[in-house]
Structure formats: structure tokens, C-alpha cells
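First the structure, in the form of C-alpha cells, and then the observations on it.
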Amino acid sequence: MKKHGRGSENGLSRRDALRLGVGAASACALGGLGAGRAGAQATGFDWKRFKGEKIEVSLVKNDRSTILQKYEKEFEELTGISVGSEQIPEQQHRQKQIIEFTSGRTSFDVTFVAWHVQKRLFGKAKWMEDLRGYLKDPTMTAPDYDWGDFSKASVDFATQADGRIDTLPLVIDYWILYWNKELFQAKGVPLPKTFDEMLEAARRLHDPANRIYGFVARGLKNANTPVWTGFLLGWDVDSVDDKGELHTDGPEAIAAAELYKKILKDYAPPGVSGFNWNECQTLFMQGNAAMWYDGIGFAPPLEDRTKSRVVGKVGYGMTPAGPKRQHAGVSGTGIGVSAFSRKKGPAYYYCQWATNKLNQARILETGAGAPCRDSAYRDPRAMANLKVPKEWAEALVECGKIGRPLLPVIIPVTEFRDVFGIALTNMIAGADPAAELKKATALFRPVLEKSEKG
Amino acid sequence: MQRAPSSRAYARRSKYIRFILPALAVVLAVIVFPWVFTLWMSLNDWQIGRPRSFVGLQNFTGLARDERFLGSIGRTIYYTVLAVAVPVVLGVLSALVFHQRFPLRGFLRGIFILPMMATPVAVALVWTMMFHPQMGVLNYLLSLVGLPPSLWVYAPETVIPALVLVDVWHWTPLIMLIVLGGLSALPTEPFESARIDGASPWQMFRAITFPLVLPFLMVAVIIRTIDALKTFDTIFVITQGGPGTASETINIYLYLQAFAFYKMGHASAVVVVFFALIVVCSLLLLHVRQKTLWT
Chain W
1 MKKHGRGSEN GLSRRDALRL GVGAASACAL GGLGAGRAGA QATGFDWKRF
51 KGEKIEVSLV KNDRSTILQK YEKEFEELTG ISVGSEQIPE QQHRQKQIIE
101 FTSGRTSFDV TFVAWHVQKR LFGKAKWMED LRGYLKDPTM TAPDYDWGDF
151 SKASVDFATQ ADGRIDTLPL VIDYWILYWN KELFQAKGVP LPKTFDEMLE
201 AARRLHDPAN RIYGFVARGL KNANTPVWTG FLLGWDVDSV DDKGELHTDG
251 PEAIAAAELY KKILKDYAPP GVSGFNWNEC QTLFMQGNAA MWYDGIGFAP
301 PLEDRTKSRV VGKVGYGMTP AGPKRQHAGV SGTGIGVSAF SRKKGPAYYY
351 CQWATNKLNQ ARILETGAGA PCRDSAYRDP RAMANLKVPK EWAEALVECG
401 KIGRPLLPVI IPVTEFRDVF GIALTNMIAG ADPAAELKKA TALFRPVLEK
451 SEKG
Chain B
455 MQRAPSSRAY ARRSKYIRFI LPALAVVLAV IVFPWVFTLW MSLNDWQIGR
505 PRSFVGLQNF TGLARDERFL GSIGRTIYYT VLAVAVPVVL GVLSALVFHQ
555 RFPLRGFLRG IFILPMMATP VAVALVWTMM FHPQMGVLNY LLSLVGLPPS
605 LWVYAPETVI PALVLVDVWH WTPLIMLIVL GGLSALPTEP FESARIDGAS
655 PWQMFRAITF PLVLPFLMVA VIIRTIDALK TFDTIFVITQ GGPGTASETI
705 NIYLYLQAFA FYKMGHASAV VVVFFALIVV CSLLLLHVRQ KTLWT
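Heads up: the protein sequence lines correspond to chains W and B, in order.
Heads up: the first sequence begins at 1 in my numbering, then just goes up one per residue.
Heads up: the second sequence begins at 455 in my numbering, then just goes up one per residue.
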């Protein structure tokens, strides 16, 4: 994965970033929109510039979108722009986007982009507006927007390979290790720091006679691929590098697959090859799994007394270190302006508002995900109002330091997940990892090569 | 000047043709055009986001060599046979029961047809929870009668029968209703004669009830077969075709090609092949039904 800095590599120089951040410090000190308005007047930025316009926003159905919709009126009052927004389930949302973008006319002005799935396709087709010009323009970007506040990982994700920034960072999802403190303490097992220790902990805690399973993670094809690619990062290897080379059947990939096979075949519950995140969650929530490796967003249900039996007993740990490195696999979502929109200015205003400091703090407060702004984690109000344990937020901060994309940024990422997902499922049933990966790589290589042509 | 009779007839007909035009336009727009377009797309290599190119029959020859597609045909047939045979047997048995007179018959019949009214996606979500190998109620019920737990939809060996179980629960009432309608329409004379001649209930069923009710049963079989062949929602919600590809029927394969991988040309070829399969299947069943009609 190509690393982009926040500086000149992505088209925004440090000087630009500083200029964009003019007044940010004072805005932070004074807090709220009043300070933003004062700074705005000084730079010629006017939130009311597009008063009377109407925009359409297409959101994915999730807690982050609910927050944006809940406070939408705040944006309308601030700008005088009317917003029509709708939440659509993820799969249907992606299909709607593809169909509308392909037709060359979109019903929405603003939309989400799942970086780990859609970034390359949307970037290659140039379906989203390049926002660099807007970010540099002091009359279009609020002086307190503070681009420099976004984490490096999220800015890297929002930046296309050619340097275009076609989304603003909204949320970033790290993969973490959920662990049941009660089960660990009962057997005196320490929190694993390495993959070997994780395997050993799973072995010691696995007690199927008492319906306790040492480890659980996704086994269902497609959904399971990030588990393996997440392990692979511990060998310091990306499944597809920035030159488009596949590293999916080499010794590191095989070793990561051996770990996947061993831990799920021997220490996960029977039937795990059909488990998606929801089955894993159900099992962990009932106190029947000692460890669960998955995305960061599951703290709210795990800490919900009406649903969970492990409230207050969950530990939120980072992905253990592999033989070479320790990384937290990252996926994420940005929000941007459709290149086919006729209201790009108002749409960009909405994106700015959606990713401002206040909304990022709101995302953290509710545990709806990991905000991309560093300031959210320093916000005393957000931390005080946290609806989930502080340990969760602390894990987020630590993951931010070692985040690395979980899935390759390629067009056929869904097919990648599907092909390798089937291989991984076969492994749980006993198939040889090396043979399965070789077969899957041979199957996927022409798909990847073809996707980059034309 | 008087017009010739043929031109008068033409003028009269052309007046009526105008009334057909709206329906014709709708048929052309929603049936003919999509079909011609799908046929055309099946001859092209087109993935969304990339330029389209004409490839002739390459998509079809590719399908003939695609092990995953061929596997999905086998699984579709396996699923369809089970999802038709089991509800037909159970539906006929329950129709025979509900054809008898007994207390609370109407109420119980109402209860029996309730599953049919449920939305397939909602049904699938509930069954997904019930199938959970550790937390699901089905394994708990098995444990109550001393049976070992099953992996249901979570194991390649049991996934198709488990999915058929959902279909059986959902659609047996439909078969029952159709057969019950047929039973109610049967003439009473052959039964009275048979009873006078001393025929046993089994003989009466085998020699009179079954042959007479067969045309109705064939209608039910045709409807159920087409329904089972195109089952998508329950399979997709419960297993998404997994574990691995163990429950990947043609529909799931088609969905992945079209809406997950965006290979529209390839997916169109799958549609054409699938359509041909359904037409052959329906023609066969209609032929059989013709043979079973009362003469």
C-alpha cells in the first residue's frame, strides 16, 4: 500500500494545511460555531453563501448516518441549505451508487465512499469531485476546519494514488481483539501480545465441554478474508502491493493462512465456517467465546445490558504482533461530492460540516466508530460522555499509531474477498492452505490484471 | 363514393388497434426490450467501470468451463427436487387431513397457512437465529429429545437440507390449499360406489382420490418448481451461498456476478442459460400435466 504523507504528496503542502487551519487553534479555545463564524468573516468564508439551495445526501444505514441525520437541522440553520437525506442498507447503497454513476447522472449530491471497497473503482472512474481546490480555497473552506487534525491513516485513505482527494475522512475502523476478562482471569491467562501467545491462550481457554470456545472470528466466505489479511499484516505483507503484485501464495501468506486454519479449526465453535460477524457477536456476547477478532464497532451492543451477558467484562485489545510487525488492520469511510452534482458548492459545505470537530466527537461519544480527527480523542466532553468503556477509546488511539489497510485497494476487491474467502472456508474444513492459496491466486490473478486494463 | 368492404374492415380494425397500443408499449418496454437487451449483453464483455466489447459466444463457452457455475446448477437441482418433493408429500397429507370433518378444523387450517403469509426475508432472519449451532433453539429442541446437535446451515453437508426445511415450513401450506381445493371439487359418486364395493381407504386413495386430484397436484408442482428454482432471498439472507459455495445456487451465483463483481456480460449469459433451464422444466411439467387431465 502506497504511503501518502499529509504534505506535498497528496497535493496539500504543509503550508496549505497550516493556512487551512488558520483560526483552528482559536476556534478550539473558544469552542463552537461562534468562533468559527468570527474566523470566517476574517477569511471571506461565508456559511450562508449557498442559502436557499437544496441538496440530496445518500447515506449508508448505520449509526454514523443516524448522527448526521439527527443534527441535520443544525447544518440547515447554519447555512440556509435544505438537505434531503436517506439511509440505505450497505449492499443496496453500493448498487445504487454504481448504477447511478454508470448512468452519468446521480440523484444525490453527497455520498459515502467505503474506501476499502470502492476507493479504486471510484477513483479510476473519477466519479467523485476532487476536493483539493475546495480545501485550498479560503472562501470555500471554513477557517476552523483544520485539515491537519485528521489522522495520517485517514488522510492516506482519502487520497487517491494520483494525489486527488475525492472524499473527506469520516470514520476509520480498526480491527481489534475483543477478550473476555472473566474467562482469562479464571484460568490466569495473560492478554496475548503476539500471534503465538494468542494461539496458546485460545488453546488454554478452549473448553467445549462447558460451551466455552477459545477463539471466534468470521469463517463465512467473503466476510472471512479480512481476518486472514489482518493476520498477514503481522508478517509485514500486504496481500496486493502498490505495484499491483499479488502476495497471496508466498510463505508469509501461507503462514498467515496456517494460523487462520489452526485457530478456527481447533479453537472455534463447530460450524464457524458459516459464521459472519453477527454469529460471532452472539457467541461472544453470551460469554461463550474467550476472544473475538473483528472490527472496532461492536462495543455498543457488547456493553448493552439488555442484550449482553459480558457487560463490563470485555477487554479491547490491539491485534497481537506477528512475527515481523504489529499492525491494526484498517478500513474506513469518507464522504464526498458526486462529480455529476450540479450543486457542488453546497454539497462540499455539507461534507465539511459532516466531518467537523463536533460531529467527529459525537461519533466517538456514542461508540458509533472511530473518528478520523485526533481532536475527538482529546475532547474532554466527548470522553466524559462516552457511552462505551474508556478502554475502547484508548484502544482506538493505540490502533491509530499502527493502522494499515486491511484489504487491497483494487477494483475487484469483492471478488478478491470471494475467491480467497472460499479458500479459507475450505481450510477450516481441513484443506491444505498452500494448495488452496495457490489455486485461489491462479484464479484471481487474471481478474486483477483485467481490472486494471481499459 | 362508397368504400370497398375490405377497406371498411381495415378502418374498423385500425380503430381497435389503437386500444391495444398502450398494452403493446408496456409489453415491449418491460418484457421484450429487457430480453433483447439481456441477449445482446450476453454476447458482450462488459464490467461496470470498463468499456464494453463484443465477444460473441465467449461468455457461454466460459460458463461451460466454469466449475463454480456448473456446481451451482447441480446445487439448484438438488435444492429444487427436495424443496418440491417434501412440501408436495406433506401438503397432500395435510390436505387429506383437513378434508375430513373434525372440531376446530377451520381454526387449525387458518393456523396452518400462517407461515405462507410471512415475508421471506423476515422468515429467513428468524431461522438464521434458530439455526445458530450454539445459541439456536433448534439444537436445544434436539437436546430435549436426546438427539445430538446439528450444524444445520453451518456445515456444507447439511446446509441444503436445512435451507429446504425453511422452504418446507414456508410453502407446504400452499400445496395444501391447492390440493384441498381439488379435493373439494371431486365428484362424490366414485367414492360412494367404491365404499359399496368394500374398498379400503388406501384402495380408495390410490385408485380414485389420487388420480382425480393429480391435475390439481400438477399445478401445485409447477408453481412450486418455478418458485424453488428461483429461490434467492432465503438462501442469500441465511447463508449467502456458504459455507464456501455449498449453497450457491444459480441465483446466488448470478447475483454475485451481476451485483457484487459487476460483470454484466457474464451475468447476462447466466440469465439466458437459466431462462432456458426454466423453460425446459416448465414445458416438461406442462406436458405431464396434460397427460394427467381428466378425460
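Glycine included, each C-beta is placed from N, C-alpha and C at the ideal position.
It should be emphasised that the depicted structure is a prediction, and the values quoted were computed from it without experimental measurement.
Examine the Cβ distances between the stretch 128-135 of chain W and the stretch 283-297 of chain W and report whether three or more of them are shorter than 8 Å.
As far as the Cβ criterion goes, the stretch 128-135 of chain W does not touch the stretch 283-297 of chain W, which means the pair count is below three.
So residue 411 of chain W contacts chain B; which residues on that side make the cut at Cβ distance below 7 Å?
Here the question's residue 411 of chain W lines up with position 411 in the first sequence. Per Cβ cutoff of 7 Å: 503.
If you reduce the DSSP assignment to three classes, tell me which class residue 518 of chain B lands in.
As a working note, residue 518 of chain B is residue 64 in the second sequence. Of the three classes helix, strand and coil, the one that applies to residue 518 of chain B here is helix, per DSSP.
Excluding the 5 residues preceding and the 5 following residue 223 of chain W in the sequence, name in chain order all residues of the same chain whose CB lies nearer than 6 Å to its CB.
Residue mapping note: residue 223 of chain W aligns to position 223 of the first sequence, counting from 1. If we look at residue 223 of chain W and ignore the five residues flanking it on each side, its Cβ neighbours are 276.
From the DSSP output, in three-state form, read off residue 608 of chain B for me.
Here residue 608 of chain B refers to the residue found at position 154 of the second sequence. Helix.
Which residues mark the beginning and the end of the beta strand (DSSP E) in which residue 328 of chain W is found?
For the purposes of this step, residue 328 of chain W is taken as the residue at position 328 of the first sequence. First-last of the beta strand (DSSP E) with residue 328 of chain W: 328-337.
Of the choices W:234, W:285 and W:178, whose alpha-carbon is the least far from that of residue 321 of chain W?
By one-based count along the first sequence, residue 321 of chain W stands at place 321. Answer by Cα proximity: W:234.
At a Cβ threshold of 9 Å, is residue 695 of chain B touching chain W?
Sequence index remark: in the second sequence, residue 695 of chain B carries index 241 (1-based). Yes, its Cβ sits closer than 9 Å to a Cβ of chain W.
State whether the stretch 724-741 of chain B contacts the stretch 696-708 of chain B, with contact taken as three or more CB pairs (one from each stretch) at a distance under 8 Å.
Contact holds: three or more Cβ-Cβ distances are below 8 Å.
Output, in chain order, the set of chain B residues within a Cβ distance shorter than 7 Å of residue 261 of chain W.
As a working note, residue 261 of chain W is residue 261 in the first sequence. Those within 7 Å of residue 261 of chain W in chain B number zero; the least Cβ separation is about 14 Å.
In chain order, what are the residue ranges of uninterrupted alpha helix (DSSP H) at least 4 long that sit wholly in the stretch 351-391 of chain W?
Within the stretch 351-391 of chain W, the complete alpha helix (DSSP H) runs of at least 4 residues are 357-366, 374-378 and 380-384.
Taking the beta carbon of residue 336 of chain W as the centre, do at least 16 other beta carbons fall within 10 Å, making it buried, or is it exposed?
Residue mapping note: residue 336 of chain W aligns to position 336 of the first sequence, counting from 1. So residue 336 of chain W ends up on the buried side.
Around the C-beta of residue 318 of chain W, are 16 or more other C-beta atoms found within 10 angstroms, so that it is buried, or is it exposed?
Taking the first sequence and counting its residues from 1, the one referred to as residue 318 of chain W is at position 318. Result: buried.
With a CB to CB cut of under 8 Å and the five nearest residues on each side skipped, what residues in its chain are close to residue 698 of chain B?
Within the second sequence, the letter at position 244 stands for residue 698 of chain B. Excluding residues within five positions, the ones whose Cβ falls inside 8 Å are 610.
Straight-line CA distance for residue 462 of chain B to residue 520 of chain B?
Residue 462 of chain B sits at position 8 when you count from the first residue of the second sequence. Residue 520 of chain B sits at position 66 when you count from the first residue of the second sequence. So the alpha carbons of these two residues sit roughly 60 Å apart.
Evaluate contact between the stretch 195-209 of chain W and the stretch 263-275 of chain W, counting only Cβ atoms and requiring at least three cross-stretch pairs below 8 Å.
Judged by Cβ distances under 8 Å, the stretch 195-209 of chain W makes contact with the stretch 263-275 of chain W, as three or more pairs qualify.
Looking at the structure shown, is residue 461 of chain B part of a helix, part of a strand, or coil, going by DSSP?
To locate residue 461 of chain B, count along the second sequence from 1; it is residue 7. Correct three-state label for residue 461 of chain B: helix.
Does DSSP put residue 472 of chain B in a helix, a strand or coil?
Along the second sequence, read from residue 1 onward, the residue named residue 472 of chain B stands at position 18. Reduced to three states, the DSSP call for residue 472 of chain B is helix.
Between the stretch 566-578 of chain B and the stretch 677-690 of chain B, do three or more beta carbon pairs fall short of 8 Å?
At 8 Å Cβ cutoff, the stretches touch.
Is the beta carbon of residue 111 of chain W less than 9 Å from the beta carbon of residue 97 of chain W?
Along the first sequence, read from residue 1 onward, the residue named residue 111 of chain W stands at position 111. Along the first sequence, read from residue 1 onward, the residue named residue 97 of chain W stands at position 97. Yes.
Closer than 8 Å is the cut-off here; do at least three beta carbon pairs connect the stretch 379-394 of chain W with the stretch 177-186 of chain W?
No, they do not touch.
Going straight from the alpha carbon of residue 287 of chain W to that of residue 694 of chain B, what length do you get?
For the purposes of this step, residue 287 of chain W is taken as residue 287 along the first sequence, with counting starting at 1. For the purposes of this step, residue 694 of chain B is taken as residue 240 along the second sequence, with counting starting at 1. Computed Cα separation, rounded: 27 Å.
Should residue 741 of chain B go down as buried or exposed, given a rule of 16 or more other Cβ atoms within 10 Å for buried?
Position 287 of the second sequence holds residue 741 of chain B. With fewer than 16 other Cβ atoms within 10 Å, it is exposed.
Would you mind sorting residue 213 of chain W into buried or exposed? The rule is 16 or more other CB atoms within 10 Å of its CB.
On the first sequence, position 213 is the one that residue 213 of chain W refers to. Per the 10 Å Cβ criterion, buried.
Beta-carbon within less than 8 Å of residue 426 of chain W's beta-carbon, same chain only, minus the 5 sequence neighbours each way: which residues are those?
The count along the first sequence starts at 1 and reaches residue 426 of chain W at position 426. If we look at residue 426 of chain W and ignore the five residues flanking it on each side, its Cβ neighbours are 436.
Distance, Cα to Cα, residue 356 of chain W vs residue 145 of chain W?
Along the first sequence, read from residue 1 onward, the residue named residue 356 of chain W stands at position 356. Along the first sequence, read from residue 1 onward, the residue named residue 145 of chain W stands at position 145. Distance between the alpha carbons of residue 356 of chain W and residue 145 of chain W is about 6 Å.
Secondary structure at residue 146 of chain W, three-state DSSP: helix, strand or coil?
Counting from 1 along the first sequence, the entry for residue 146 of chain W is found at position 146. Of the three classes helix, strand and coil, the one that applies to residue 146 of chain W here is coil, per DSSP.
Can you tell me whether residue 587 of chain B is buried or exposed? The criterion is at least 16 other CB atoms within 10 Å of its CB, across all chains shown.
Indexing the second sequence from 1 puts residue 587 of chain B at position 133. It counts as buried.
Run down chain B in chain order and give the residues with a C-beta less than 8 Å from the C-beta of residue 342 of chain W.
Here residue 342 of chain W is taken as the residue at index 342 of the first sequence, counted from 1. In chain order: nothing, as chain B lies at least about 23 Å away.
Would you grab the beta carbon distance between residue 115 of chain W and residue 333 of chain W for me? Rounded to a whole angstrom, and I think it's under 8 Å.
The residue you call residue 115 of chain W lines up with position 115 of the first sequence. The residue you call residue 333 of chain W lines up with position 333 of the first sequence. Between residue 333 of chain W and residue 115 of chain W the Cβ distance is about 7 Å, and since that is below 8 Å, they are a contact.
May I ask you to list, following chain order, the residues of the stretch 76-97 of chain W that have a beta carbon less than 7 Å from some beta carbon of chain B?
Taking 7 Å as the Cβ-Cβ cut-off against chain B, the residues of the stretch 76-97 of chain W that qualify are 95.
What whole-angstrom Cβ distance do residue 248 of chain W and residue 417 of chain W have, given they're in contact under 8 Å?
Looking up residue 248 of chain W in the first sequence gives position 248. Looking up residue 417 of chain W in the first sequence gives position 417. Going by Cβ atoms, the distance from residue 248 of chain W to residue 417 of chain W rounds to 12 Å, so no, they are not a contact pair.
Check the Cβ-Cβ distances between residue 100 of chain W and every residue of chain B, and say whether any is below 9 Å.
Position 100 of the first sequence, counted from the start, is the residue given in the question as residue 100 of chain W. False, the Cβ-Cβ gap to chain B never drops below 9 Å.
Does any C-beta atom of chain W lie closer than 9 Å to the C-beta of residue 534 of chain B?
As a first step, residue 534 of chain B must be located in the second sequence, where it is residue number 80. Cβ-Cβ to chain W under 9 Å: no for residue 534 of chain B.
According to DSSP, simplified to helix, strand and coil, what is residue 491 of chain B?
The residue labelled residue 491 of chain B in the question sits at position 37 within the second sequence. Note: residue 491 of chain B maps to helix in three-state DSSP.
Residues of chain B with a CB under 8 Å from the CB of residue 269 of chain W: which are they?
Position 269 of the first sequence, counting from 1, holds the residue named residue 269 of chain W. Under the 8 Å cutoff, chain B gives 587 and 588.
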